[in-house]
Amino acid sequence: MAEQDKHGVLPTPSFDKPVKLLLVVAPFYRAIADDLIAGAKAEIEAAGGSYEVVEVPGALEVPTAIAMADRQCNFDGYVALGCVIRGETTHYETVCNDSSRAIQLLGLQGLCIGNGILTVENDSQAEVRANPKKMNKGGGAAAAALHLIALSRKWGASRKGVGFKPPSESILVAGDSNGSTTA
Numbered sequence: 085m086a087e088q089d090k091h092g093v094l095p096t097p098s099f100d101k102p103v104k105l106l107l108v109v110a111p112f113y114r115a116i117a118d119d120l121i122a123g124a125k126a127e128i129e130a131a132g133g134s135y136e137v138v139e140v141p142g143a144l145e146v147p148t149a150i151a152m153a154d155r156q157c158n159f160d161g162y163v164a165l166g167c168v169i170r171g172e173t174t175h176y177e178t179v180c181n182d183s184s185r186a187i188q189l190l191g192l193q194g195l196c197i198g199n200g201i202l203t204v205e206n207d208s209q210a211e212v213r214a215n216p217k218k219m220n221k222g223g224g225a226a227a228a229a230l231h232l233i234a235l236s237r238k239w240g241a242s243r244k245g246v247g248f249k250p251p252s253e254s255i256l257v258a259g260d261s262n263g264s265t266t267a
């Protein structure tokens, strides 16, 4: 049995309304990041979606950028991409654990995020996992985000449009009963 036959893979979801994702990339290992991006882009395009790509300095900044984008923009979902390779110090554990934990917490708040930050022991593990023709973890992270978006749309009415901020009048202020804001 081939390795990929051992894993259950859901079919790519379909959408009746446009879907737009933000790919947040930590490009410290540029070749790995480029492969992750290529896999993610292909998966999003296969679902008929669109995307923007932003880069941040490192994996620890990925969740912060996602949180900022969620507050200030109007994406349906997010794909976290990057690579952390074990070194000689405990910095590896800090970066892996804290970036993963922050992404998970954002997801628990309702954001649709696919986590494609690789945490590996060496370059060769990273290359295999990032390569779109091999393990394609960038495509897998995009697929995860797309599936979460599909669930979100299935279970709740969309409160966001695509690619723009809602008018400030639609934001409820604590203690305001009529839904308008005061400036």
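Position 80, counted from 1, in the sequence shown is what my numbering calls 164; the numbers after and before it change by one each time, with no gaps. From the three backbone atoms N, C-alpha and C, an ideal C-beta is built for every residue, glycine too.
{"Item": "Straight-line Cα distance separating E145 from Q298", "Value": "The structure shown has nothing for residue 298, since the chain only spans 85 to 267."}
{"Item": "Pairwise C-alpha distance: Y176 and A124", "Value": "24 Å"}
{"Item": "Uninterrupted alpha helix (DSSP H) stretches inside the stretch 132-164 (no shorter than 4 residues)", "Value": "146-156"}
{"Item": "Residue from S134, C167, K238, N206 whose Cα sits closest to the Cα of N199", "Value": "C167"}
{"Item": "Beta-carbon proximity list for T266, same chain, < 6 Å, skipping 5 on both sides", "Value": "Per-residue confidence for T266 stands at a pLDDT of 43, beneath the threshold of 50, marking its modelled position as unreliable; the derived number appears in the next sentence. Result list for T266: empty, nothing under 6 Å."}
{"Item": "Member of Y113, A228, I233, S236 whose CA lies at the smallest distance from the CA of G92", "Value": "A228"}
{"Item": "Backbone secondary structure at T178 - three-state DSSP", "Value": "helix"}
{"Item": "Boundaries (first-last residue) of the beta strand (DSSP E) holding K104", "Value": "104-109"}
{"Item": "Cβ-Cβ distance between V137 and L107 below 7 Å", "Value": "yes"}
{"Item": "Under the three-state DSSP convention, the category T266 falls into", "Value": "Residue confidence for T266 is low, a pLDDT of 43 falling below 50, so the modelled location carries little weight and cannot support an answer."}
{"Item": "V212 and I169 closer than 7 Å at C-beta", "Value": "no"}
{"Item": "Span separating the alpha-carbon of G161 from that of I116", "Value": "22 Å"}
{"Item": "Cβ neighbour criterion (16 or more within 10 Å) applied to G263", "Value": "Here G263 scores only 47 on pLDDT, less than 50, and its place in the model should not be relied on; the value that follows carries that caveat. With fewer than 16 Cβ atoms within 10 Å of its Cβ, G263 is classed as exposed."}
{"Item": "Residues bridged to C196 (per DSSP)", "Value": "Paired residues: none, contrary to the question."}
{"Item": "Pairwise C-alpha distance: N220 and Q188", "Value": "21 Å"}
{"Item": "Beta carbon of P141 nearer than 7 Å to that of A234", "Value": "no"}
{"Item": "Rounded distance between the beta-carbons of I197 and A164, thought under 8 Å", "Value": "6 Å"}
{"Item": "Chain-order list of residues whose beta-carbon lies under 8 Å from that of G223 (same chain, five-residue window excluded)", "Value": "G123, A124, A126, E127, P216"}
{"Item": "Neighbour-count burial assignment, L94, 16 or more Cβ in a 10 Å radius", "Value": "exposed"}
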